[in-house]
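For the sequence shown, the numbering used here gives the first residue as 1, with consecutive numbering after it. Where a beta carbon is used, it is the ideal one built from N, C-alpha and C, also for glycine. What follows is a short report on a single structure.
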Amino acid sequence: MGRKWGRWLLAGALVVAAACGGDDDDDAGAPATDAPAATDSGSEGTEPAGSEGTAGADTTEGATATTAGDAELDPDGTLRIATFASLLWDPALSPSSYTITYLGLVYDRLVHTAPDGSLVPGLAESWEYSDDGTVLTFHLREGVTFQDGEPFDAEAVKANIERSKTIEGSTVASELASIDEVVVVDPLTVELHLSTPDATLPAVFCGRAGAMISPASLDDPALDHNPVGTGMFKLVEFAEGSDFTLERWDGYWDPDAVKVRRIQVRVLPDTATRVNAVRSGEVDIAPIEPADVATLENVDGVTVRLNKTLRYVYLAMNTAKEPLGDLRVRQAIMHAIDREALVNGPFFGYGVPTQQPWPEGYFPHVPELDDTYPYDPERARELLAEAGHPDGFSADIIVVPSPEVYALLGEAVQAQLGEVGIDLRIQITSPTELGTAMYADKTAAFALLYTNGSVDPAQTVGSRFSASGFFNAGKYSTPRLEELYQQALTTTDDEARTQVMQDISREVVEQVLDMPLFFAQEPEAISDRVVGYESFFTGRPEFRGVGVTG
Numbered sequence: 001m002g003r004k005w006g007r008w009l010l011a012g013a014l015v016v017a018a019a020c021g022g023d024d025d026d027d028a029g030a031p032a033t034d035a036p037a038a039t040d041s042g043s044e045g046t047e048p049a050g051s052e053g054t055a056g057a058d059t060t061e062g063a064t065a066t067t068a069g070d071a072e073l074d075p076d077g078t079l080r081i082a083t084f085a086s087l088l089w090d091p092a093l094s095p096s097s098y099t100i101t102y103l104g105l106v107y108d109r110l111v112h113t114a115p116d117g118s119l120v121p122g123l124a125e126s127w128e129y130s131d132d133g134t135v136l137t138f139h140l141r142e143g144v145t146f147q148d149g150e151p152f153d154a155e156a157v158k159a160n161i162e163r164s165k166t167i168e169g170s171t172v173a174s175e176l177a178s179i180d181e182v183v184v185v186d187p188l189t190v191e192l193h194l195s196t197p198d199a200t201l202p203a204v205f206c207g208r209a210g211a212m213i214s215p216a217s218l219d220d221p222a223l224d225h226n227p228v229g230t231g232m233f234k235l236v237e238f239a240e241g242s243d244f245t246l247e248r249w250d251g252y253w254d255p256d257a258v259k260v261r262r263i264q265v266r267v268l269p270d271t272a273t274r275v276n277a278v279r280s281g282e283v284d285i286a287p288i289e290p291a292d293v294a295t296l297e298n299v300d301g302v303t304v305r306l307n308k309t310l311r312y313v314y315l316a317m318n319t320a321k322e323p324l325g326d327l328r329v330r331q332a333i334m335h336a337i338d339r340e341a342l343v344n345g346p347f348f349g350y351g352v353p354t355q356q357p358w359p360e361g362y363f364p365h366v367p368e369l370d371d372t373y374p375y376d377p378e379r380a381r382e383l384l385a386e387a388g389h390p391d392g393f394s395a396d397i398i399v400v401p402s403p404e405v406y407a408l409l410g411e412a413v414q415a416q417l418g419e420v421g422i423d424l425r426i427q428i429t430s431p432t433e434l435g436t437a438m439y440a441d442k443t444a445a446f447a448l449l450y451t452n453g454s455v456d457p458a459q460t461v462g463s464r465f466s467a468s469g470f471f472n473a474g475k476y477s478t479p480r481l482e483e484l485y486q487q488a489l490t491t492t493d494d495e496a497r498t499q500v501m502q503d504i505s506r507e508v509v510e511q512v513l514d515m516p517l518f519f520a521q522e523p524e525a526i527s528d529r530v531v532g533y534e535s536f537f538t539g540r541p542e543f544r545g546v547g548v549t550g
């Protein structure tokens, strides 16, 4: 079997693009991913391109879908997917933005995303802002029903949004905070009256906040185990913390999008177990670790795809810990890190080094910022001396022991900073305690994390770079950043918003408000029986049009 190579394509500057996601979770283990908003229904995604390579197993880079030539799809087939963890089924209470990958199969959303991250119509056919940006109007799709027969209409949208804003424990309430009132204009038109212009909202509604629950189920105490939406599939088997099965719902408004009868999701937290499940043919799609790529590259009938997403690994810092409040110290650290070595070591070359929080091709990215801090240990020492630390300093860094690649990465960063006199003392912390240790207890100056991203890049700015952001441990910012952040929230014109976000990128890099290391290329093993499965820039595939051969 010939090796198939593809290349990742992204449409232009993605001026109208938006990546679906959720809150800006910071983590160090499982997957997930930042994005812009749109002022209309978005644009179509791009088509991938590829070329033939040398003999061996299939390896594809980017958005290339797995194909099966002219083989016919099996309309009664089952798509088998492996994932890291199970989930509960209440979108407003779901703790992670990543869960929309599966929640979205049952609960269709107001807004969908294309593979390139652009916003496209979902349950809402179109949307627009008022001239002053304080009213966002959604025009809803006609003839849609929930899986229990209830009609989908403006009243249902109103009920869902109001519940998500007020239910105790809501994980999406902050995303909807700018909405003062939901006004039903007619059955297919709903207006969101805002306290202040909020350009992030269209992208918010492609995530958990946009997942529509049947009004008859909104108060159901068993909702977490008995979801009722308007989606492509119904949940038929589920045990908390374990595998689950979905079956095609024949009443879906877009039947051509549904190509399989069932989707079975196996919860396999252990990487080795997922690899074995792929090799044995027990699962069709599974995320794997960089170290496992070579293991599966020569397995017949399997393609290993390197997904490029918005997720990046970075060195989180608490600027309230001295001497990180000094810009020269932060600049020294940026010069002391050899990003190429980090990618080529623990991550086996599967990553793209970066010094800014958004990747090439994505509209906040500024190409000339890429070489702001070249690897230069001597310059790092000079900056430390200028800041009054000629012999360096000591600091604690939080690292998780699993997956092992992050522990190895922590040791590599420790060694690199040690070369310029910065003594990092590694604190091993469990993934579940990492967030509390870094952002609540604030026990360390650094933590090795990745960002899952958020539904709009302005939300990332608010949560990580603004002085009020939860994920800004030191609460340090600059007046310029805060001014630009407010502009990003209130600017709905695409061209103007692109300029604002690029200005934010400059401020973040020049003032070292972030310490990015690299964008991870996330390996995924895919059976050749899978057809139409594309890589999504958001890191959250929608499975529309995905089928299997017999």
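Query                                                                                                                                                                           : Result
For a quick check, are the C-beta atoms of T83 and V265 less than 8 angstroms apart?                                                                                            : yes
Pick from T303, D326 and R311: whose alpha carbon is nearest that of M317?                                                                                                      : D326
Compute the beta-carbon to beta-carbon distance between R262 and T99, rounded to the nearest angstrom, for a pair I have assumed lies under 8 angstroms.                        : Incorrect: roughly 20 angstroms between the Cβ atoms, too far for contact.
Do W249 and P202 come within 8 angstroms of each other at the CB atom, strictly closer than that value?                                                                         : no
Assess contact between the segment 305-320 and the segment 461-473, defined as three or more Cβ pairs (one per stretch) separated by less than 8 angstroms. Is contact present? : yes
What whole-angstrom Cβ distance do F537 and T309 have, given they're in contact under 8 angstroms?                                                                              : 6 angstroms
Between P353 and V343, which are expected to be in contact by the criterion C-beta below 8 angstroms, what is the C-beta distance as a whole number of angstroms?               : 6 angstroms
G149 by DSSP, collapsed to three states: which one?                                                                                                                             : coil
Going by DSSP, what residues sit across from K234 in a beta bridge?                                                                                                             : E247
Any idea which residues DSSP pairs Q521 with across the strands?                                                                                                                : K308
Would you please state the rounded distance, in angstroms, between the beta carbons of H560 and P359? I believe it to be under 8 angstroms.                                     : Missing from the structure shown is residue 560; the chain here goes from 1 to 550 and no further.
Does DSSP put M212 in a helix, in a strand, or in coil?                                                                                                                         : coil
Suppose you measure from the CA of D300 to the CA of P287; what does that come to, to the nearest Å?                                                                            : 18 angstroms
Our contact map puts Y350 next to P516 with C-beta atoms below 8 angstroms; I'd like the distance itself, whole angstroms only.                                                 : With a Cβ gap of about 16 angstroms, Y350 and P516 do not count as contacting.
Once DSSP output is grouped into helix, strand and coil, what is the label at H335?                                                                                             : helix
Just tell me which of V260, M212, G545 and L448 has its CA closest to the CA of P151.                                                                                           : M212
In three-state DSSP terms, what is T113?                                                                                                                                        : strand
Whose CA, out of V399, L409, Y406 and V413, lies closest to the CA of N435?                                                                                                     : For the sequence presented, residue 435 should be read as Gly rather than Asn. Nearest of V399, L409, Y406 and V413 to G435, Cα basis: V399.
How many angstroms separate the CA atom of V258 from the CA atom of P75?                                                                                                        : 9 angstroms
With a Cβ-Cβ cutoff of 8 angstroms, do L110 and A124 count as a contact?                                                                                                        : yes
Using only alpha-carbon positions, find the residue among A444, V302, A447 and L484 that is nearest to G462.                                                                    : L484
Give the DSSP-derived three-state secondary structure of D186 in the structure shown.                                                                                           : strand
Could you check where the beta strand (DSSP E) with A124 kicks off and where it finishes?                                                                                       : A124 to Y129
Give a single yes or no on whether I161 has its beta carbon closer than 7 angstroms to a heavy atom of the ligand ATP.                                                          : Summarising the ligand content, the structure contains no ligands, and the ligand ATP is consequently not present.
Quick one: what's got a C-beta closer than 6 angstroms to I167's C-beta in the same chain, skipping five residues either side?                                                  : A92
Note down, one range per segment and in chain order, each alpha helix (DSSP H) of at least 4 residues found wholly within the segment 387-456.                                  : 404-418 and 431-435
Taking its Cβ as the centre, do 16 or more other Cβ atoms sit within 10 Å of N298, making it buried, or is it exposed?                                                          : exposed
Looking only at its chain, what residues have a beta carbon closer than 6 angstroms to the beta carbon of S214, apart from the 5 residues adjacent to it on each side?          : F146, D148, E150 and V228
Quick one: grab the DSSP three-state call for Q487.                                                                                                                             : helix
Out of curiosity, what's the CA-to-CA distance linking L235 and G122?                                                                                                           : 20 angstroms
Mapping the DSSP letters down to three states, classify M501 as helix, strand or coil.                                                                                          : helix
Within 10 angstroms of its Cβ, does G6 collect 16 or more other Cβ (buried), or is it exposed?                                                                                  : A caution first: G6 carries a pLDDT of 22, below 50, which makes its placement in the model unreliable, though a value can still be read off. That one is buried.
How about the segment 501-513 and the segment 277-295: do they share at least three Cβ pairs that are nearer than 8 angstroms?                                                  : no
For G388, count neighbouring Cβ atoms within 10 angstroms of its own Cβ and tell me buried if that reaches 16, exposed if not.                                                  : exposed
Suppose contacts are defined by Cβ-Cβ distances below 8 angstroms. Is F465 in contact with L513 by that definition?                                                             : yes
Let me check understanding here. Comparing Cα to Cα, which of F205, V185, D391 and D186 lies closest to A173?                                                                   : F205
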